[in-house]
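Going down the list, the sequences are from chains A and B. Residue 145 in the UniProt record's numbering sits at position 145 of the first sequence; the count goes up by one each step and never skips. Residue 78 in the UniProt record's numbering sits at position 78 of the second sequence; the count goes up by one each step and never skips. Every residue, glycine too, gets a C-beta built ideally from N, C-alpha and C. This one's a predicted model, so the numbers in the text were calculated from it and none came from an experiment.
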Amino acid sequence: MRKLITVIAIGFSLWLAPVAAQTLDTPQGDVVLTISGDIADTNDGNVARFDMEMLEAMEQVSFETTTLWTEGTSAFTGVPLAALLDRLGVTEGTIRASAINDYSIEIPVESVTETAPIVAYQLDGAAMPRRQKGPLWIVYPYDSDAAFRTEVIYSRSIWQLDRLEVVQ
Amino acid sequence: MPELKDAQLGYKRQSRWVIALVGFGLSVIFILALSLSREVMSDLERQSSASSDNVQWTLTQVEVEHLAFLTALEHRMYDPGGTLPFASDLGEVRQQFDIFYSRIDTLQSSRLFAELREDPAFAQPLSSIMSFLDRTVPLIDGPDERLDAELWVIWEDAAALRDEVRALAIGGLSYFAQTADARRNDTARTLRDLAALSAVLLLTLTLVSLYLLRANQIAQRRGNELVQTNHRMNTILSTSLDAVIVSDASGRVLEFNPAAEATFGYSLEEARGRTIGELIVPPHMREAHDKGMKRMQEGGERRVVGHGRVQLEGMRANGEIFPVELALQSARDGDNEIMIGFLRDISKRVASEKELTSARDRALAGEKAKTDFLTVMSHEIRTPLNGLLGNLSLLKNARPSQEQLRFIHNMDVSGQVLLNHVDTVLDIARFEAGKLNAKTETLDLGTFMQEIVDGQSGNAASRGNVIEWLWAGPAHPWVKTDTQRLRQILLNLVGNAIKFTENGRISLELERAESTADPQKSIYEFRVIDTGIGIAPENLDRVFEDFHTNDASIGRSTGGAGLGLGIASRFTRALGGEIGVESTPGEGSVFWIRLQLRHAEAGTTGLEASPVSHVRGLDLLVVEDNPINLEVIRNMLMLDGHTVTEAMDGKSGVEAAGSRRFDAILMDMSMPVMDGATATRLIRAGGGPSADAPILAVSANVLPDAVAGFRAAGVTAFLGKPISLKALRDALAAITEADTKDGMISVDEGDAHLAQLREDLGLNAFPELVSQLVAEGDALMSKLARPSRTRRALDDLAAECHKFAGSVAMFGALEMRDALVEYERAAKTKDEGALPTLAQRAKGAWSRARKRLTNTP
Chain A
1 MRKLITVIAI
11 GFSLWLAPVA
21 AQTLDTPQGD
31 VVLTISGDIA
41 DTNDGNVARF
51 DMEMLEAMEQ
61 VSFETTTLWT
71 EGTSAFTGVP
81 LAALLDRLGV
91 TEGTIRASAI
101 NDYSIEIPVE
111 SVTETAPIVA
121 YQLDGAAMPR
131 RQKGPLWIVY
141 PYDSDAAFRT
151 EVIYSRSIWQ
161 LDRLEVVQ
Chain B
1 MPELKDAQLG
11 YKRQSRWVIA
21 LVGFGLSVIF
31 ILALSLSREV
41 MSDLERQSSA
51 SSDNVQWTLT
61 QVEVEHLAFL
71 TALEHRMYDP
81 GGTLPFASDL
91 GEVRQQFDIF
101 YSRIDTLQSS
111 RLFAELREDP
121 AFAQPLSSIM
131 SFLDRTVPLI
141 DGPDERLDAE
151 LWVIWEDAAA
161 LRDEVRALAI
171 GGLSYFAQTA
181 DARRNDTART
191 LRDLAALSAV
201 LLLTLTLVSL
211 YLLRANQIAQ
221 RRGNELVQTN
231 HRMNTILSTS
241 LDAVIVSDAS
251 GRVLEFNPAA
261 EATFGYSLEE
271 ARGRTIGELI
281 VPPHMREAHD
291 KGMKRMQEGG
301 ERRVVGHGRV
311 QLEGMRANGE
321 IFPVELALQS
331 ARDGDNEIMI
341 GFLRDISKRV
351 ASEKELTSAR
361 DRALAGEKAK
371 TDFLTVMSHE
381 IRTPLNGLLG
391 NLSLLKNARP
401 SQEQLRFIHN
411 MDVSGQVLLN
421 HVDTVLDIAR
431 FEAGKLNAKT
441 ETLDLGTFMQ
451 EIVDGQSGNA
461 ASRGNVIEWL
471 WAGPAHPWVK
481 TDTQRLRQIL
491 LNLVGNAIKF
501 TENGRISLEL
511 ERAESTADPQ
521 KSIYEFRVID
531 TGIGIAPENL
541 DRVFEDFHTN
551 DASIGRSTGG
561 AGLGLGIASR
571 FTRALGGEIG
581 VESTPGEGSV
591 FWIRLQLRHA
601 EAGTTGLEAS
611 PVSHVRGLDL
621 LVVEDNPINL
631 EVIRNMLMLD
641 GHTVTEAMDG
651 KSGVEAAGSR
661 RFDAILMDMS
671 MPVMDGATAT
681 RLIRAGGGPS
691 ADAPILAVSA
701 NVLPDAVAGF
711 RAAGVTAFLG
721 KPISLKALRD
731 ALAAITEADT
741 KDGMISVDEG
751 DAHLAQLRED
761 LGLNAFPELV
771 SQLVAEGDAL
781 MSKLARPSRT
791 RRALDDLAAE
801 CHKFAGSVAM
811 FGALEMRDAL
821 VEYERAAKTK
831 DEGALPTLAQ
841 RAKGAWSRAR
851 KRLTNTP
């Protein structure tokens, strides 16, 4: 019995080891994004909270594109949704994204690629204020592929994002 | 086959054309459909995804977020410290403001609403809201105390926007509803167009399918027909009796039918792919064959192809060479030329042709042998007979006793019979050659019958038979007929009767049976009745056939050739009569002939035109190599008081004729050293004193061709051996008579005329004129002797003859004038064959006229 407990303990320690190594920092500034649901890492109870600094520390992707909602070509910078999911050990399921006005849409995990969409936090090199769809906006590189110019993708382009929930 | 091929080609061309057309049409429709589809796709894209996002949601959200802002304000105003959700802090107010601001900002800046912003119904409230936001932002962004203080003002201001917010939402909604409608209509139209185009496409495809179905059916039917034709052709080829070989242009065998296999001994498998040359052309013809093939391939002349049937040699597998008949044709098989050869093994035909040819050659050789035999017999039998009969006729003149005379007569009759046999055989030859001409003579049938009975009495008596003749009915003895042939017929019938009768009776009956349509003629029936063995009924029809003897033993014992009745039958038919026989075996036979004979005046017998008188005292040259015959002729001539000069061969004869003038020359034609024909030509051409003397050809060769040859050599008349005194006299009279007669007349008339002329001209002028005339005449005669045969020269000669004829007529030489007029006519009409004879006549006439003129005292 002890032996079994030891084995399980070792297995647990082996499983937990990398997680422990990547344990999320605790946000120092204002929390801009709260991720809940079926995630492998948390920093506040069973949710993971991110301030802007944490997001900016993560992998960064930039692209230029036009959008339906802005004038002219805009340069977006942000963390790929895929990197965010990876960081939290999410490999399947659906992401339910919600905005501050409680607008909410679902993004299947398998539709997320390495670079699209990104959770943008900069527009044309500046942080996005809440009055201009900030501070976080899920955007796709619409101009790069017709596949990003569909109603579904447009509906997923949620601005004033503040919550992600991973559901099965 | 070529027709079919053409039809196929035509069909192919047509279908290619149709396919091209249909392809083009389909392409056009396809491109149209594609572009329409793209339009539909883009419409769909536009609708489904492209520009829309959820604009309606966005618009309604304006109202919601406006209310949420108001609510946040109210909660702050009325229950600032209360618990949520009915309480609100300033953060909540600020957030709701930002949310509302962000929404309006979206409407203000998003290109989704660009068109909508053009609409004043939308732009005006939007602008009101924007100005509210802009004037509120300093308060929202200001310090909390100030915001709290101004909350009421902000609420009032925001609440006053309620109608604008509503107008904004509704205006946007109706706009987007209209655009959506328009877009739907647009899409619907595009879809309708697409549907119509699809229908056209479908219809076209259906039509194309139908066409292809039909084309396929036609192709299948053609294919079936082709298969059938092919099958038929194969059947024809395989059942053809002729070998059929098909090769390509280089001579390689493509097809080799069963007949070819049988003929040449190769199977189709062996033959296919090999060349015609090595297969069936014999080695000795191969070079020529190869040359021909090469010439043909180079497009040169085609000597065999398309030239019908040619006969060549072929070779079988075992090397046997045999004759073939070949017809070669070329045809087009697609782009290649092929040769089709039809070959027939004609070795059997060639063999039978050869056999026929050799049979014909043998027959011709036989015919020639027969002619040769007849010629020889004619000559070899006639020559001794000449001596025999000639001496007999001389003997008659040697004052024999009455008894001797009777023997001589009998011998003479038998000799004549023998001569008749020879003549008969020759007559058959001539008859067969269509050259037998009936000679009409006046005949006393009584004497004629008596002569036959007399001639045959010895023969009949030798077999114990009695022979007699009688008129049945009244006697009408005088007729005109071919005596020689009639005698031959009766002699043959009598001879036959004697042959088959022993110790019996042969009766000859003669009856003038009936009149004919021509009152000058009557039917005479001659019957030869015997009491012999008779003829079996089954043989009656055959007795008149050549070489027919009923009983071989009798035939041999009696020595007949079986020709007698055949000749009798032929001659009867030649005389226009009928012949027949009735017989009772053991009792005897009756042979009868019925002839239509012309009545004649009594008392004149012999050749109608021949003179009965004979000339005497002529100066004659006899050229004859046979001493006996020479003596016979000499004696006969001397009996009539002629002077005879002899020559033993042609050469001596020519010399003698050149030495002086003879009244006539008797020329044997068959002689050593120089024959009669050559001698005659030399005498005629020599221009000697006797050059124009009458020449009488004497020959045992009486065949028409021979006689014609003698005449061509220049003889005046012909006398066949053996010579009888009578025939000799007649012939001499005939050849000299014309001269004598004409001479007599011309002497009578001419002399009187001449005397008158001399009197008129006077003694001095006359001899001068005569000598001039003689000189002219001599010159003309030498021209006539060797006339130039050109047309011009003949015309000149004719003119000269005409002129001289006038001159001699003045001097009374009418014979000469007549001869020249004749010559002139012949020269003008180019009757060249007559010229030598006429020249001869003119020459004779001239020599007499000249003599008279110059002898004139």
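(request) Could you pull out every unbroken alpha helix (DSSP H) segment of at least 4 residues lying fully inside the segment 337-396 of chain B, listed in chain order? (result) 347-396
(request) Provide the residue span of the beta strand (DSSP E) that contains residue 106 of chain A, from first to last. (result) In the DSSP assignment, residue 106 of chain A falls within the beta strand (DSSP E) that extends over 104-108.
(message) Please state the DSSP three-state secondary structure of residue 135 of chain A.
(response) coil
(message) Using C-beta distances below 6 Å, list every residue in its chain close to residue 585 of chain B, excluding the 5 sequence neighbours before and after it, in chain order.
(response) 534, 536
(message) If you reduce the DSSP assignment to three classes, tell me which class residue 833 of chain B lands in.
(response) Helix at residue 833 of chain B.
(request) With 9 Å as the threshold, decide whether the Cβ of residue 19 of chain B is near any Cβ in chain A. (result) no
(message) Under 9 Å, CB to CB, which of the residues in the UniProt domain "Oxidoreductase molybdopterin-binding" (68-141) of chain A have a partner in chain B?
(response) In summary, the residues of the UniProt domain "Oxidoreductase molybdopterin-binding" (68-141) of chain A whose CB is separated from some CB of chain B by less than 9 Å are 68, 69, 70, 71, 99, 100, 101, 103, 129, 130, 131, 132, 133, 134, in the order they occur in the chain.
(request) Over the uninterrupted alpha helix (DSSP H) stretch that includes residue 289 of chain B, give me the two end residues. (result) That run of the alpha helix (DSSP H) goes 283-297.
(message) Please tell me whether residue 325 of chain B and residue 346 of chain B are closer than 9 Å, where the distance is taken between their beta carbons.
(response) Contact check for residue 325 of chain B against residue 346 of chain B passes: the beta carbons are separated by less than 9 Å.
(request) Figure out for me which residue from B/329, B/315, B/112 has the closest Cα to the Cα of residue 323 of chain B. (result) B/315
(request) For residue 96 of chain B, collect the residues of the same chain with a Cβ closer than 6 Å to its Cβ; drop the 5 residues on either side in sequence, then sort them by chain order. (result) Take residue 96 of chain B, set aside five residues on each side of it, and the residues of its chain with a beta-carbon closer than 6 Å to its own are 68, 69, 72, in chain order.
(request) Tell me where the beta strand (DSSP E) around residue 654 of chain B begins and ends. (result) Run containing residue 654 of chain B: none in the beta strand (DSSP E); it sits in the alpha helix (DSSP H), 650-659.
(request) Would you identify the three-state DSSP class for residue 143 of chain A, choosing helix, strand or coil? (result) helix
(message) Between B/587, B/318, B/769, which has its C-alpha nearest residue 504 of chain B's C-alpha?
(response) B/587
(message) Along the chain, where does the alpha helix (DSSP H) containing residue 803 of chain B start, and where does it finish?
(response) 791-810
(message) Below 8 Å on C-beta distance, what does residue 56 of chain B contact in chain A?
(response) Chain A residues near residue 56 of chain B: none, gap ~12 Å exceeds 8 Å.
(request) State buried or exposed for residue 147 of chain A, treating a residue as buried only when at least 16 other CB atoms are found within 10 Å of its CB. (result) With fewer than 16 other Cβ atoms from the protein chains shown falling within 10 Å of its own Cβ, residue 147 of chain A counts as exposed.
(message) At the level of alpha carbons, what is the spacing between residue 451 of chain B and residue 367 of chain B?
(response) The C-alpha of residue 451 of chain B lies about 36 Å from the C-alpha of residue 367 of chain B.
(request) Inspect the CB distances between the segment 671-691 of chain B and the segment 636-646 of chain B and report whether three or more fall short of 8 Å. (result) no
(message) Would you say residue 160 of chain A lies against chain B (beta-carbon separation less than 9 Å)?
(response) For residue 160 of chain A, the closest Cβ of chain B is nearer than 9 Å.
(request) Could you check if residue 482 of chain B is buried or exposed, using at least 16 other CB atoms within 10 Å of its CB as the buried criterion? (result) buried
(request) Report the residues of the segment 110-128 of chain B with a CB closer than 7 Å to any CB of chain A, ordered along the chain. (result) If the cut-off is 7 Å between Cβ atoms, the segment 110-128 of chain B has 110, 111, 112 near chain A.
(request) Spell out a yes or no on whether the segment 686-695 of chain B and the segment 834-853 of chain B are touching, meaning 3 or more CB-CB pairs, one atom from each, closer than 8 Å. (result) yes
(request) Run down chain A in chain order and give the residues with a C-beta less than 9 Å from the C-beta of residue 101 of chain B. (result) 130, 131, 132
(message) Is any non-hydrogen atom of the ligand HEM found closer than 8 Å to the C-beta of residue 814 of chain B, if you look at the structure I gave you?
(response) For the structure depicted, the ligand HEM is absent and the ligand set is empty, with no information on it obtainable.
(message) Three or more C-beta pairs under 8 Å: does that hold for the segment 97-104 of chain B against the segment 119-135 of chain A?
(response) yes
(message) Here's a check: name, in chain order, each residue in its chain whose Cβ is nearer than 8 Å to the Cβ of residue 151 of chain B, leaving out the five neighbours to either side.
(response) Taking residue 151 of chain B as the centre and dropping the five residues before and after it, the same chain places the C-beta of 73, 76, 77, 93 closer than 8 Å to its C-beta, in chain order.
(request) Output, in chain order, the set of chain A residues within a Cβ distance shorter than 8 Å of residue 95 of chain B. (result) 100, 130
(message) Rounding to the nearest angstrom, what Cα-Cα distance links residue 717 of chain B and residue 307 of chain B in this structure?
(response) 58 Å
(request) Report the rounded CA-to-CA distance for residue 441 of chain B versus residue 799 of chain B, giving the unit in angstroms. (result) 43 Å
(request) Quick one: list the residues of chain A neighbouring residue 65 of chain B, beta-carbon separation under 7 Å, in chain order. (result) 101
(request) Whole angstroms is fine: what's the gap from residue 511 of chain B's alpha carbon to residue 406 of chain B's? (result) 30 Å
(request) Compute the distance between the beta-carbons of residue 719 of chain B and residue 666 of chain B, then report whether it is under 9 Å. (result) yes
(request) Mind listing, in chain order, the continuous beta strand (DSSP E) runs of no fewer than 3 residues lying wholly within the segment 433-515 of chain B? (result) 441-444, 466-471, 478-481, 505-515
(message) Taking 8 Å as the cut-off, does the segment 449-465 of chain B touch the segment 616-626 of chain B (at least 3 CB pairs, one atom from each stretch)?
(response) No, because fewer than three Cβ pairs between the segment 616-626 of chain B and the segment 449-465 of chain B fall closer than 8 Å, the two stretches do not touch.
(request) Could you spell out where the beta strand (DSSP E) holding residue 62 of chain A opens and where it closes? (result) 61-66
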